[in-house]
Amino acid sequence: MPQTTVLNQQTINERLLRLPEVLQRIPVSKSSWWAWIKDGKTPAGVKLGLRVTAWRESDINDFVSKLGA
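The sequence shown: position 15 = 101 (the numbering used here), numbered continuously.
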């Protein structure tokens, strides 16, 4: 009989944001955003494919909070 694994509720409800949604919350240019990633200033994205990256909503919210502080 297969075993059922229960995931953490936060993991189940985690949204992934694509770049346009991220840039609505952090109003910088795409090139600035990618430069910040290269410099390690922003949260790591999640690779969904060869040319597709998304960011955890909670990571972006934390980043925005730190920018405002």
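Where is the CB? At the ideal position from N, CA and C, for every residue including glycine.
Host beta strand (DSSP E) of residue i (start-end)
{"i": "glycine 135", "result": "132-135"}
Pairwise C-alpha distance: residue j and residue i
{"i": "serine 115", "j": "glutamate 100", "result": "25 Å"}
{"i": "valine 132", "j": "glycine 154", "result": "24 Å"}
{"i": "isoleucine 112", "j": "tryptophan 120", "result": "13 Å"}
Span of the alpha helix (DSSP H), counted from its first residue to its last, around residue i
{"i": "glutamate 107", "result": "105-111"}
Per-residue burial, residue i [other beta carbons within 10 Å of its own, 16 or more giving buried]
{"i": "valine 138", "result": "exposed"}
{"i": "threonine 91", "result": "Any reading at threonine 91 must be qualified, since the residue scores a pLDDT of 48, below 50, and its modelled position is unreliable; no value is offered."}
Distance between beta carbons of residue j and residue i, contact taken as under 8 Å
{"i": "leucine 102", "j": "alanine 140", "result": "4 Å"}
- Query: Which residue spans inside the region 113-153 form an unbroken beta strand (DSSP E) run of at least 3?
  - Reply: 132-135, 138-142
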